[in-house]
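When you number the sequence shown by this note's numbering, it's gap-free, plus one each residue, and the end is 436. The next block holds one structure in the form of structure tokens; read it before the comments.
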Amino acid sequence: MLVLVPGMFGAAGDFRLLARDLVQAVPGVQVWAFDRREENLADRSGFTTADPVGYYLDGRYRSQDPATSTFAARWGLSRTVEDLRTVVAAAARGGPRRVVLGGHSWGASAAMAYAAWDFDGRPGYRDLAALVLVDGGVHGAFDGTGQPVHNSPEEVRERLAAVDGGAVFDMPLSGVGLGDRAESTQIWYQLAGWYAHRDPGGRSVLQARLPGALQPPYPVTNAGLLGTLVDAGFGWPNDISVHSGHLADSGEVRGWVDTGITPISRVAAAYAGGPEPLVWEWYWPSRLSVDLDVVDPYADTGLTRSLGLRLRHTGELDVPLYAFETSYARGTIVSSAREVVAKSRIPYGKYASDDGMNHLDPLFAAARHNTLTHTLTPFLTGLR
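What follows is the structure in structure tokens.
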């Protein structure tokens, strides 16, 4: 049983395609995907209407107002780990330590926190058969991204004060330029995937609604519009992009040409979901960001204890570990995983990398091109 935790702004649907590929490659394996409780705050009912774009872009959907969401100020890593334990326990029914726990990006960090967590005297790793880290982790896993963690006591106090002051949802995706609400960018991406999946060759439903700075200079198809929002060739940051292809060189309405490892149809299929799109998390609690930064050193400290983070068994881990990295962090994912192994009782670690992939490629790439699938399969098979 493989239980996977999505990263920041990710949801269970992140793993839909990867899970299918792994199930085909590893006989008898089941793949479960974890959704954090904040996923329940998203209003996805518009995707069951005849006009999803009007429902969302004309503001008819139910938006979560931060001013009335003070309950989310308490949704940090402790809440996530406790919820995750419920899923791990359900997955483990039928035998001890049958569960392999993993995650992508900050989901990998959460998985590592679970392994070291103290559940009323029982270490989390005792629930597990192995750990799987996909482009994430602890011990400086993200140092190579150039985005350092902010976890000094002074920074933590300031960030917690901001949460108490009403900044309960994190807003880094607002920098994409698709809106200034916590959920704006996620809605745009889900809409783009929705139309690209249902009518890839049709003229883009969304293009006329795009902000001017993001407008392609000529008409594009639904698939073409999705490609311009996700492909690395358009200058998007590594952590929100894939290697897919390019717009056609000619045509009255330009479509998308797949030339990369991640066909745009797979991105569309993942983003469109079924029966509702479940790839993007709309509301990410700011407290969870604080806590994940604080546990990055992977040590039981006064600061972790003051925040209720029960990270008390980091040196005791005794299960195999697999770590995979893309070009995203420039080598620090694997180096940090090696440090975890060196500072614990983990019997062995397996490491793989592919610098030709961006951060989201391992989730959506075609199976034949997905180095994650090719290297994770023998690791899982060897655990049997």
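Glycine included, every Cβ here is placed at the ideal spot set by N, Cα and C.
Cβ pair residue i, residue j closer than 7 Å
i	j	result
ASP187	ALA419	no
ALA182	LEU435	yes
VAL294	ASP172	no
LEU258	LEU277	yes
PRO329	GLN242	yes
VAL55	VAL151	yes
HIS249	ALA321	yes
LEU153	PHE416	no
PHE67	ALA85	yes
ALA63	VAL331	yes
N-terminal and C-terminal residue of the alpha helix (DSSP H) that residue i is part of
i	result
GLU207	205-216
LEU514	An answer regarding residue 514 cannot be provided, because it is not within the stretch 53 to 436 covered by the chain.
TRP246	236-250
GLY128	Per DSSP, GLY128 belongs to no alpha helix (DSSP H) and is neither H nor E.
GLY154	From DSSP, GLY154 is part of no alpha helix (DSSP H) but of the beta strand (DSSP E) over 151-156.
ALA389	384-394
VAL105	104-109
Where residue i sits in the DSSP three-state scheme
i	result
LEU69	helix
PRO175	strand
TYR270	coil
PRO430	helix
TRP308	strand
PRO337	strand
GLU328	coil
ARG357	helix
GLY62	strand
PHE376	strand
PHE86	coil
ARG420	helix
ALA351	coil
VAL294	strand
ASP232	coil
PHE221	strand
ASP117	coil
Residue range of the unbroken beta strand (DSSP E) whose run includes residue i
i	result
ALA404	401-405
GLY297	297-299
VAL55	54-57
ALA181	180-186
Residue i versus residue j: straight-line alpha-carbon distance, rounded
i	j	result
GLN267	THR356	45 Å
ASP406	ALA141	33 Å
GLY279	ASP345	32 Å
VAL309	PRO327	27 Å
HIS365	SER256	52 Å
PRO79	THR425	14 Å
VAL75	VAL83	7 Å
ALA167	PRO175	7 Å
PRO269	ARG382	33 Å
ILE313	ALA165	32 Å
ILE316	GLY106	24 Å
LEU363	ALA163	12 Å
Within-7 Å CB hit, residue i to chain C
i	result
SER379	Given the protein chain composition of this structure (a single chain), no chain C is represented.
(request) Would you be able to state if there are at least three C-beta pairs under 8 Å between the stretch 345-360 and the stretch 131-144? (result) A contact between stretches requires three or more CB pairs, one per stretch, nearer than 8 Å, and the stretch 131-144 fails this requirement with the stretch 345-360.
(request) Specify whether the stretch 397-415 and the stretch 202-211 touch according to this definition: at least 3 beta carbon pairs, one from each stretch, less than 8 Å apart. (result) With contact defined as three or more Cβ pairs closer than 8 Å, the stretch 397-415 and the stretch 202-211 are not in contact.
(request) Flag this pair as touching only if the stretch 163-180 and the stretch 364-380 have three or more C-beta atom pairs under 8 Å; answer yes or no. (result) Touching, per the Cβ criterion.
(message) Under 8 Å, with one C-beta from each stretch per pair, do the stretch 185-199 and the stretch 81-90 reach the 3-pair mark?
(response) The stretch 185-199, when compared against the stretch 81-90, does not touch it at the 8 Å Cβ threshold.
(request) Please determine if the stretch 332-344 and the stretch 117-134 are in contact, where contact requires at least 3 C-beta pairs separated by less than 8 Å. (result) Yes, since at least three Cβ pairs between the stretch 332-344 and the stretch 117-134 fall closer than 8 Å, the two stretches touch.
(message) Within 8 Å, do at least three Cβ pairs link the stretch 222-236 to the stretch 104-122?
(response) Two segments are said to touch when three or more pairs of C-beta atoms, one from each, lie closer than 8 Å; by this definition the stretch 104-122 touches the stretch 222-236.
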